[in-house]
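Visitor: Heads up: the sequence lines are chains A and B, in that order.
No gaps in the numbering here: position 58 of the first sequence is 464 in this note's numbering, and each next residue is one more.
No gaps in the numbering here: position 60 of the second sequence is 466 in this note's numbering, and each next residue is one more.
Ideal Cβ placement from N, Cα and C applies to all residues, glycine included.
The model shown is predicted, which means the values in this text are computed figures rather than measured ones.
Number of protein chains: 2
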Amino acid sequence: MATVTVRNGVDVQALLETIDAIKAKPELASFTFRASTAWNDGTHSTARIGSFLHAGTEDESRTAGFTLQGDEPPVLLGRNLGPNAVELLLASLGFCYSVGYVANAAARGIELEEMEYELEGDIDLRNFLGISDEERPGFTEIRACARVKARGATEAELKELCSYVQETSPVRDVLANGVPVATSIEVIQ
Amino acid sequence: MATVTVRNGVDVQALLETIDAIKAKPELASFTFRASTAWNDGTHSTARIGSFLHAGTEDESRTAGFTLQGDEPPVLLGRNLGPNAVELLLASLGFCYSVGYVANAAARGIELEEMEYELEGDIDLRNFLGISDEERPGFTEIRACARVKARGATEAELKELCSYVQETSPVRDVLANGVPVATSIEVIQ
Chain A
407 MATVTVRNGV DVQALLETID AIKAKPELAS FTFRASTAWN DGTHSTARIG
457 SFLHAGTEDE SRTAGFTLQG DEPPVLLGRN LGPNAVELLL ASLGFCYSVG
507 YVANAAARGI ELEEMEYELE GDIDLRNFLG ISDEERPGFT EIRACARVKA
557 RGATEAELKE LCSYVQETSP VRDVLANGVP VATSIEVIQ
Chain B
407 MATVTVRNGV DVQALLETID AIKAKPELAS FTFRASTAWN DGTHSTARIG
457 SFLHAGTEDE SRTAGFTLQG DEPPVLLGRN LGPNAVELLL ASLGFCYSVG
507 YVANAAARGI ELEEMEYELE GDIDLRNFLG ISDEERPGFT EIRACARVKA
557 RGATEAELKE LCSYVQETSP VRDVLANGVP VATSIEVIQ
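(1) For V580 (chain A) and E423 (chain B), what's the separation of their Cα atoms in angstroms?
(2) I'd like the list of long-range same chain contacts for D530 (chain B), defined as Cβ closer than 6 Å, with 5 residues on each side in sequence excluded.
(3) Contact defined as beta carbons within less than 8 Å: I believe L474 (chain B) pairs with G484 (chain B). What is the distance between those atoms, to the nearest angstrom?
(4) Starting from the C-beta of G471 (chain B), find all residues in its chain whose C-beta is less than 7 Å away, skip the five residues before and the five after it, and write them out in chain order.
(5) Below 6 Å CB to CB, which residues in the same chain sit around S442 (chain A) once its five sequence neighbours on both sides are set aside?
(6) Which one of A:S569, A:I537, A:S451 and A:L494 has the shortest CA to CA distance from A435 (chain B)?
(7) Does DSSP put A461 (chain A) in a helix, in a strand, or in coil?
(8) Are the C-beta atoms of G558 (chain A) and some chain B residue less than 8 Å apart?
(9) Who are the near neighbours of R549 (chain B) in its chain, counting only those whose CB is closer than 8 Å to its CB and skipping five residues on each side?
(10) Would you say M407 (chain A) reaches chain B, if we count a Cβ-Cβ gap shorter than 8 Å as a contact?
(11) Using 8 Å as the threshold, is the C-beta distance between V554 (chain B) and V585 (chain A) below it?
(12) Which residues does DSSP list as the beta-bridge partners of T469 (chain B)?
(13) Hey, would you say the C-beta of S451 (chain A) is under 7 Å away from at least one heavy atom of the ligand MN?
(14) What residues in its chain sit with their C-beta under 8 Å from that of L421 (chain B), if we drop five residues either side in the sequence?
(15) What span of residues does the beta strand (DSSP E) with D530 (chain B) cover, start to end?
(16) Under 9 Å between beta-carbons, which chain A residues line up against Q379 (chain B)? List them in chain order, please.
(17) Mark E493 (chain B) as exposed unless 16 or more other C-beta atoms lie within 10 angstroms of its C-beta, in which case mark it buried.
(18) Using 8 Å as the threshold, is the C-beta distance between G476 (chain A) and F458 (chain B) below it?
(19) Helix, strand or coil, according to DSSP, for T452 (chain B) in the structure here?
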């Protein structure tokens with residue numbers, strides 16, 4: 407009988423089976439994720455996230471999908487109907503780090519009690535606003551700080567895990583190292 | 407008396423005044439945005455986004471702030487309690503492009519009728535799952551497709567604007583060109 411071990415809310419047995427399945431059939435590691443945004447008015451858009459492609463097959467596990475609002479604060483001419491794009495980017499990094507930390511801690515036998523990330527990024531909007539092109543459009547630096555509490559793990563173990571998660575984080579990878587972004591447009595008549 | 411021109415829901419007069427104010431006092435273009443994530447259970451975390459620093463001063467316009475759920479689908483050991491981190495990253499790019507397109511269209515006198523972005527990204531999770539380090543952890547490519555309808559603008563004008571927005575988009579900039587990400591950890595006893 408298989409031993410089912412759930413640690414940090416992660417089914418470690420299922421995680422190990424997933425890893426074994428991918429080792430046997432590497433294409434199971436291949437995903438195409440998607441999002442769409444529809445403009446409402448002014449700086450306010452709505453994003454929808456639903457199915458994705460997994461090893462060439464649609465994953466239909468999300469019956470309703472997810473809806474997110476994006477907007478700017480009044481100082482950037484919006485009405486605060488949602489966070490703005492760069493704030494969402496920071497949240498994305500925190501979510502990514504968190505999944506990586508929690509799952510890897512589970513696999514290593516570390517029981518977490520608390521796990522938080524605080525993220526911030528500095529930006530100069532002169533380029534975005536067309537005032538000057540001497541500054542880059544995006545963040546000049548992003549800082550992420552983990553706050554972790556775990557019974558039975560040493561400080562050294564928790565720090566080493568933080569470094570490992572940083573090196574294997576999908577979001578941190580594209581932010582730190584860049585990724586090709588192909589942008590096209592279809593004009594509707 | 408000032409002429410107030412709202413186009414695409416953007417107060418063009420306020421936009422021009424913002425630009426003039428920044429030209430006179432460049433530090434007004436300086437922002438530090440923030441997000442935090444708190445782990446709930448398994449792959450599920452909650453992000454909070456609230457105040458930010460604008461020219462050294464806290465912007466307190468968001469009385470309640472925003473809350474977002476992040477999770478993984480069952481195939482990645484989650485319960486679909488929210489989109490995952492890389493999907494949120496795609497949504498962030500769509501929101502960023504959308505704000506840029508709508509605001510710049512307004513400034514150029516282009517009235518938009520529809521503005522959507524579809525975004526997708528390919529990823530191989532073998533690195534993230536610790537199976538192999540031959541693949542990068544993150545997206546190998548991101549594709550963004552705008553769909554735009556605008557009365558009174560030519561196809562050439564709308565395409566040129568898409569290129570301009572791409573070049574000045576904060577999120578596209580950090581994705582395409584990379585950004586320093588400093589990650590630290592605080593261990594709670």
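Guide: The structure says:
(1) Each residue's Cα considered, the two are about 35 Å apart.
(2) Within the same chain, E541 come within 6 Å of D530 (chain B) by CB-CB distance, once the 5 residues on both sides are set aside.
(3) About 15 Å separates the Cβ atoms of L474 (chain B) and G484 (chain B), ruling out a contact at the 8 Å cut-off.
(4) So the qualifying residues of the chain are R454, I455 and G456.
(5) Same-chain partners within the cutoff: R454.
(6) Out of A:S569, A:I537, A:S451 and A:L494, A:I537 has the C-alpha closest to the C-alpha of A435 (chain B).
(7) Reduced to three states, the DSSP call for A461 (chain A) is coil.
(8) It does not: the Cβ of G558 (chain A) has no partner Cβ on chain B nearer than 8 Å.
(9) Cβ neighbours of R549 (chain B) beyond the five flanking positions: L525, E526 and G527.
(10) Bear in mind that a pLDDT of 47 at M407 (chain A), under 50, signals an unreliable position, so the number given afterwards is only what the model happens to contain. For M407 (chain A), the closest Cβ of chain B is not nearer than 8 Å.
(11) In this structure, V554 (chain B) keeps its C-beta atom at 8 Å or more from the C-beta atom of V585 (chain A).
(12) According to DSSP, which records beta bridges pairwise, T469 (chain B) is partnered with nothing at all.
(13) The ligand MN is absent from the structure shown, which contains no ligand whatsoever.
(14) By the criterion of a C-beta distance shorter than 8 Å, L421 (chain B) is surrounded in its chain by A509, A512 and A513, once the five residues flanking it on both sides are discounted.
(15) From DSSP, the beta strand (DSSP E) with D530 (chain B) extends over E517 to D530.
(16) No information on residue 379 (chain B) is available, as it lies outside the stretch 407 to 595 that chain B covers here.
(17) Burial is judged here by how many other beta carbons sit within 10 angstroms of a residue's own beta carbon; E493 (chain B) has at least 16 and is buried.
(18) For G476 (chain A) and F458 (chain B), no; Cβs fall outside 8 Å.
(19) Assignment of T452 (chain B) by DSSP, reduced to helix, strand and coil, places it in the strand class.
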